[in-house]
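Here our numbering is used: the sequence shown runs in plain steps of one and ends on residue 1116. By construction, the Cβ of each residue, glycine as well, lies at the ideal position given by its N, Cα and C atoms. In this text, all values refer to a predicted model and were calculated from it rather than measured experimentally. One structure is given below, encoded as structure tokens.
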Amino acid sequence: MTEREAGGFRLVQISDTHLSDRQSFFVENYARAIRSINRASPDLIVHTGDLTINGVARDADLSFAAAAHHLADARMLILPGNHDVGEEPGFAMMDQPVSEDRLSAFRSYFGADWWAEDVAGWRLIGLNAQVLGSGLPDEAAQLDWLWDQLDGAAGAPIGVFLHKPMFFAREIEAGVPGQLIVPSGTRARLLSLLLRTKVRFVASGHLHKYLDVRIGLTRFLWAPATAYRSGLRVGTGAPMLGYLDYRLFGDGMFTVRAVSPPGMEVHRLGALKGDQPFLKDAPPVPSPLADTIRGAERDRENSFRDRV
Ligand SMILES: [Fe+2]
Ligand SMILES: [Fe+2]
809 MTEREAGGFR
819 LVQISDTHLS
829 DRQSFFVENY
839 ARAIRSINRA
849 SPDLIVHTGD
859 LTINGVARDA
869 DLSFAAAAHH
879 LADARMLILP
889 GNHDVGEEPG
899 FAMMDQPVSE
909 DRLSAFRSYF
919 GADWWAEDVA
929 GWRLIGLNAQ
939 VLGSGLPDEA
949 AQLDWLWDQL
959 DGAAGAPIGV
969 FLHKPMFFAR
979 EIEAGVPGQL
989 IVPSGTRARL
999 LSLLLRTKVR
1009 FVASGHLHKY
1019 LDVRIGLTRF
1029 LWAPATAYRS
1039 GLRVGTGAPM
1049 LGYLDYRLFG
1059 DGMFTVRAVS
1069 PPGMEVHRLG
1079 ALKGDQPFLK
1089 DAPPVPSPLA
1099 DTIRGAERDR
1109 ENSFRDRV
């Protein structure tokens, strides 16, 4: 590590943790990643979505993911993914379209589903990718708000986070379906807005692959998942497990590296899903660690009740 890298604002991006107390395949990998992150003691963690396996239909998945976030020492800012609030109606592969009710359920556990935060001379912006292309009132409201946030940064370096990437290969494609990347209806508009305002980086999750490429002045970063690696043999990016570790400097420079903590288990999705097409329908698998996390949460709630 250089002297410069030793300083700066320490930010970690995790993504696609896919937690559930019922189908608890990925809880151990999540705990391994969080232990590694806690050792690095970042100033802030950003989670770019797919917190759950089936938070869309199962409140218990949302509440379990919220409880599991107490394992992290640092504060965590959170964004929704398709597994948490649903998919854009035109691309609802799992027949779980995003809706106002589903967004409300998410907010009841994790707070705002899009946000901005100024840290160490930077403006960080988190977007809800799932409302893009949805036609919900939130879609237009978020774009108006984004314009204000970009405009109001007054020259500060900007980093943007959202669940879905803006492209699938190394260029902007017309033919890639919206379940993989930001839907084509809003992709060009959003991208031109981000590139025009010289956003320093756009960081996403969703594809369970690691990528770091530059277009113009903007770096596009894909965070690896903690749950499982992509099985996609098309497109770009490297399937891997882990998280991204950033250092942000007040002059707009930043460094980022992918970290893959030792001991993370490589799961085979086919084996987990059995004869079901989607992970959400996979047979339940218990986990002692999931029980411990749920128990700790109950204790936390009880002690809170005792105090009030
Ligand atoms: Fe995912
Ligand atoms: Fe996703």
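Using the Cα positions of D1107 and A875, report the straight-line distance between them to the nearest angstrom. By one-based count along the sequence shown, residue 1107 stands at place 299. By one-based count along the sequence shown, residue 875 stands at place 67. The alpha-carbon atoms of D1107 and A875 are separated by roughly 11 Å.
Can the beta-carbon of A873 be found closer than 8 Å to that of L859? In the sequence shown, residue 873 corresponds to position 65, counting from 1. In the sequence shown, residue 859 corresponds to position 51, counting from 1. Yes, the Cβ-Cβ distance between A873 and L859 is below 8 Å.
Nonlocal neighbours in the same chain, by C-beta distance under 7 Å from A1035, ignoring five residues either side: Within the sequence shown, the letter at position 227 stands for residue 1035. Cβ neighbours of A1035 beyond the five flanking positions: D824, T825, H826, F834 and N837.
State the CB to CB distance for the pair K1017 and S1038, rounded to an integer number of angstroms; the pair is presumed to be in contact (CB under 8 Å). Looking up residue 1017 in the sequence shown gives position 209. Looking up residue 1038 in the sequence shown gives position 230. Going by Cβ atoms, the distance from K1017 to S1038 rounds to 5 Å, so yes, they are a contact pair.
Quick check: Y1054 and Q821, are their CB atoms within less than 8 Å of each other? As a working note, residue 1054 is residue 246 in the sequence shown. As a working note, residue 821 is residue 13 in the sequence shown. Result yes, Cβ atoms of Y1054 and Q821 sit closer than 8 Å.
Check whether the Cβ atoms of L958 and L1001 sit closer than 8 Å, and answer yes or no. Along the sequence shown, one-based indexing puts residue 958 at 150. Along the sequence shown, one-based indexing puts residue 1001 at 193. Yes, Cβ-Cβ distance for L958 and L1001 is below 8 Å.
Hey, which residues come within less than 5 Å of ligand 1, measuring from Cβ to any heavy atom, in chain order? D824 and D858
Using 8 Å for Cβ pairs, my map puts Q831 next to M901. What's the rounded Cβ distance? Working through the sequence shown from its first residue, we reach residue 831 at position 23. Working through the sequence shown from its first residue, we reach residue 901 at position 93. Their Cβ separation, rounded to whole angstroms, is 18 Å, which puts Q831 and M901 out of contact at 8 Å.
So which of R1113, L1025, D892 and Y917 has the shortest CA-CA distance to N936? Indexing the sequence shown from 1 puts residue 936 at position 128. Closest option to N936, Cα to Cα, is D892.
Is the beta carbon of N936 within less than 7 Å of some heavy atom of ligand 2? Within the sequence shown, the letter at position 128 stands for residue 936. Not under cutoff, so the answer is no.
At a cut-off of 7 Å, is G889 close to ligand 2 when judged by its beta-carbon and the heavy atoms of the ligand? The residue you call residue 889 lines up with position 81 of the sequence shown. Yes, Cβ of G889 sits closer than 7 Å to a heavy atom of ligand 2.
Neighbour-count burial assignment, T1100, 16 or more Cβ in a 10 Å radius: Taking the sequence shown and counting its residues from 1, the one referred to as residue 1100 is at position 292. With fewer than 16 Cβ atoms within 10 Å of its Cβ, T1100 is classed as exposed.
Inter-residue spacing [alpha-carbon to alpha-carbon] between A880 and P850: The residue you call residue 880 lines up with position 72 of the sequence shown. The residue you call residue 850 lines up with position 42 of the sequence shown. Answer to the nearest angstrom: the Cα atoms are 10 Å apart.
Measuring only the C-alpha atoms, how far is A1090 from N890? Start at 1 with the first residue of the sequence shown, and residue 1090 comes out as number 282. Start at 1 with the first residue of the sequence shown, and residue 890 comes out as number 82. Roughly 17 Å between the two C-alpha positions.
Please check the pair H971 and G1013, which I expect to be a contact at CB under 8 Å, by giving their CB distance rounded to whole angstroms. The residue you call residue 971 lines up with position 163 of the sequence shown. The residue you call residue 1013 lines up with position 205 of the sequence shown. That pair is a contact at about 6 Å.
Note down the Cα distance separating E895 from G943, rounded to an integer number of angstroms. As a position in the sequence shown, residue 895 is number 87, starting the count at 1. As a position in the sequence shown, residue 943 is number 135, starting the count at 1. The straight-line gap from Cα to Cα measures roughly 12 Å.
Local conformation of P1092 per DSSP, three classes: Counting from one through the sequence shown, the residue named residue 1092 turns up at place 284. Of the three classes helix, strand and coil, the one that applies to P1092 here is coil, per DSSP.
Contacts around G1024, its chain only, beta-carbon distance under 7 Å, and the 5 residues preceding and following it disregarded: Along the sequence shown, one-based indexing puts residue 1024 at 216. Excluding residues within five positions, the ones whose Cβ falls inside 7 Å are L1003.
Do D867 and A913 come within 8 Å of each other at the CB atom, strictly closer than that value? By 1-based counting over the sequence shown, the position of residue 913 is 105. By 1-based counting over the sequence shown, the position of residue 867 is 59. Going by C-beta atoms, A913 is nearer than 8 Å to D867.
Could you tell me the boundaries of the alpha helix (DSSP H) in which V835 lies? The count along the sequence shown starts at 1 and reaches residue 835 at position 27. Segment V835 to A848, the alpha helix (DSSP H) holding V835.
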